[in-house]
Structure formats: structure tokens, C-alpha cells
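Participant: As numbered in the numbering used here, residues 1 to 223 make up the sequence shown, in order. Quick one: the structure is below, and I'll ask about it shortly.
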Amino acid sequence: MSGITVVTKPADEPLGLTEVKDFLRLDDQVDDSFVRAFIIASREFAENYTGKALITRTVKFSIDGISEVDSGLWEGMKTGPYMTYYNDYIELPLAPAIAVSSIVYYDDADNQSTWPTTAYYADTVREPARIVLRDGQSFPTNLRKANGMEITYTAGYGSNPTDVPEAIRVAMLQYIVHMYEHRGDDEGKAVEFPPLIRSLLQPYKTMRYGDSPYMATYKSGIA
């Protein structure tokens, strides 16, 4: 995911080896290495599709600056100075966000400063979560051109596999079955995913302003 760096990796996977082997009806250790790889791949697929962190981890979100308010086109002439208005919040891309640890920013000389918590409110109730300016506060200025601000926060459903919604875990199992049954296939084209996988994951897709269910599917690469 763009701008996201994992600081602390998840301590576990949403699915265990024994659980997956039982689902695949495997009773030996011949394909254990494949199954372990499929578990990781299915988790990464589910996280990329939904925009969710399944098992809790700490991440760092780096941004270049604060986005401007989108203003529509107008007809005719306007007089007066041109003003640039900025949003009063920053959306956190990886959900569900639990807590914000720190926000730091850098100037062009790479000097680091910590943005005080009195200047913002971490709204983790809404999804996607937001860093919202408090009344009378403003965002840091004179940021360096790239990665001028870094937001470190924790995200995930929980630290245990059972904390992950069951529908997502079932989708992962179906994804693993699909990969296992088609392992080694090479016909010059991708094998289509079962529609059930999309149906199970779609309700957990993090929707953002301007997104639609169709566009969310299109962006994910699953037709």
C-alpha cells in the first residue's frame, strides 16, 4: 500500500497450518511449504483487496503534504485574491485504526519535529480513520517536498486469528483452495477467481470518497 511502512509485523497469521490442511483434506507434510506460502499470499490478497490490516501491527504512513479542498469549476469571472484551502483532516489508509502513536514532520534540512497531540484529534471511530485538526490549530508548514510528515499508528482487528471476521477467514480459505487446485497451471492467461471470494470480502472493503462498489472492484483487479 502506497506510503505505508510496517514498523512492527503482525505476530500471527489469520489462518493456521493445521486449520488450512484440514480444509484441504491433507494428512501428510508433503505440501506444507506450499500451504504456508499460500496462507501468507491469501492474507496479503485479502488485505490489499479490503484495505484492512487483519492481525494488529504498527505502521508508519508517510505523506508529502496536506491535500487541498476539491473545489468545482465555476462559470464567469471572479475577482479577489486566489486562496488555497486545505482539508482539516488526514485520512489513514490502513484500517481498522486502533491508536495513533506519534506524528512527526520534517523541513527541507531534514530536521525532525513532533506535532503536539493538542493540535489534533485521532478519530478512530470513523472508517477510514482521520487525523482531525482541533479548533484554532493548523497543520505544520514548510514541509520538505517528499515524505514531509510521518504518522505512526496501530491497525488491525486484534492479535489473535479469531479476532478476524469469519467471512474474511473463509474467503482466505477459498483463495487457498483456488491456488492449491491451480498450482503449476501455465496456459498463458490468469485463472479467474471464484465469485464467492469477492462476495465474502466486498462488505469489508474500505470505501473512500468518490469510490463506488464497481470502482472498488475494478481497482482491486478482480473482475
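C-beta: ideal position from N, C-alpha, C; glycine also. Small disclaimer: the values here were computed from a predicted structure and weren't measured.
Report the option in 151, 130, 9, 137 whose CA atom is closest to the CA atom of residue 158.
Facilitator: Working through the sequence shown from its first residue, we reach residue 158 at position 158. Of 151, 130, 9, 137, the residue nearest in Cα terms is 9.
Participant: Measure the CB-CB distance between residue 39 and residue 54 and report whether it falls below 8 angstroms.
Facilitator: What you label residue 39 is simply residue 39 of the sequence shown in a count that begins at 1. What you label residue 54 is simply residue 54 of the sequence shown in a count that begins at 1. Not closer than 8 angstroms, so no.
Participant: Would the beta-carbon of residue 266 fall within 8 angstroms of that of residue 178?
Facilitator: Lying before the first or after the last residue shown, residue 266 is absent from the chain, which here runs from 1 to 223.
Participant: State whether the segment 19 to 28 contacts the segment 169 to 176, with contact taken as three or more CB pairs (one from each stretch) at a distance under 8 angstroms.
Facilitator: Yes: the two stretches touch, three or more of their Cβ pairs being nearer than 8 angstroms.
Participant: Would you report the Cα separation of residue 169 and residue 181, rounded to the nearest angstrom?
Facilitator: As a first step, residue 169 is located in the sequence shown; it is residue number 169 there, counting from the start. As a first step, residue 181 is located in the sequence shown; it is residue number 181 there, counting from the start. One C-alpha to the other measures close to 18 angstroms.
Participant: Beta strand (DSSP E) containing residue 6: first to last residue?
Facilitator: Looking up residue 6 in the sequence shown gives position 6. Residues 4 to 8.
Participant: Taking only the alpha-carbon atoms, compute the straight-line gap between residue 108 and residue 115 and give it to the nearest angstrom.
Facilitator: Here residue 108 corresponds to residue number 108 of the sequence shown, with the count starting at 1. Here residue 115 corresponds to residue number 115 of the sequence shown, with the count starting at 1. Each residue's Cα considered, the two are about 16 angstroms apart.
Participant: For residue 167 and residue 200, what's the separation of their Cα atoms in angstroms?
Facilitator: Reading the sequence shown from its first residue, position 167 is the one you call residue 167. Reading the sequence shown from its first residue, position 200 is the one you call residue 200. Straight-line Cα distance between these residues: approximately 6 angstroms.
Participant: Decide if residue 13 is buried, meaning its Cβ has at least 16 other Cβ atoms within 10 Å, or exposed.
Facilitator: On the sequence shown, position 13 is the one that residue 13 refers to. Buried.
Participant: Taking the continuous alpha helix (DSSP H) assigned at residue 103, which residues delimit it?
Facilitator: Looking up residue 103 in the sequence shown gives position 103. Taken as a continuous stretch (DSSP letters only), residue 103 belongs to no alpha helix (DSSP H), being part of the beta strand (DSSP E) at 97 to 106.
Participant: Measure the Cβ-Cβ separation of residue 64 and residue 148 and say whether it is below 8 angstroms.
Facilitator: Taking the first residue of the sequence shown as position 1, residue 64 is located at position 64. Taking the first residue of the sequence shown as position 1, residue 148 is located at position 148. Cβ atoms of residue 64 and residue 148: closer than 8 angstroms.
Participant: Where does residue 66 sit, in a helix, a strand or coil, going by DSSP?
Facilitator: Along the sequence shown, one-based indexing puts residue 66 at 66. Of the three classes helix, strand and coil, the one that applies to residue 66 here is coil, per DSSP.
Participant: Can you tell me the Cα-Cα spacing of residue 141 and residue 113, whole angstroms?
Facilitator: Translated into the one-based positions of the sequence shown, residue 141 becomes position 141. Translated into the one-based positions of the sequence shown, residue 113 becomes position 113. Approximately 11 angstroms, taken between the alpha carbons.
Participant: Do you know offhand how far residue 101's Cα is from residue 153's?
Facilitator: If you number the sequence shown from 1, residue 101 lands on position 101. If you number the sequence shown from 1, residue 153 lands on position 153. Spanning the two alpha carbons is a distance of roughly 5 angstroms.
Participant: For residue 47, name the three-state secondary structure that DSSP assigns.
Facilitator: The residue you call residue 47 lines up with position 47 of the sequence shown. In this structure, residue 47 counts as helix in the three-state DSSP scheme.
Participant: From residue 134 to residue 36, what distance separates their C-alpha atoms?
Facilitator: For the purposes of this step, residue 134 is taken as the residue at position 134 of the sequence shown. For the purposes of this step, residue 36 is taken as the residue at position 36 of the sequence shown. Computed Cα separation, rounded: 46 angstroms.
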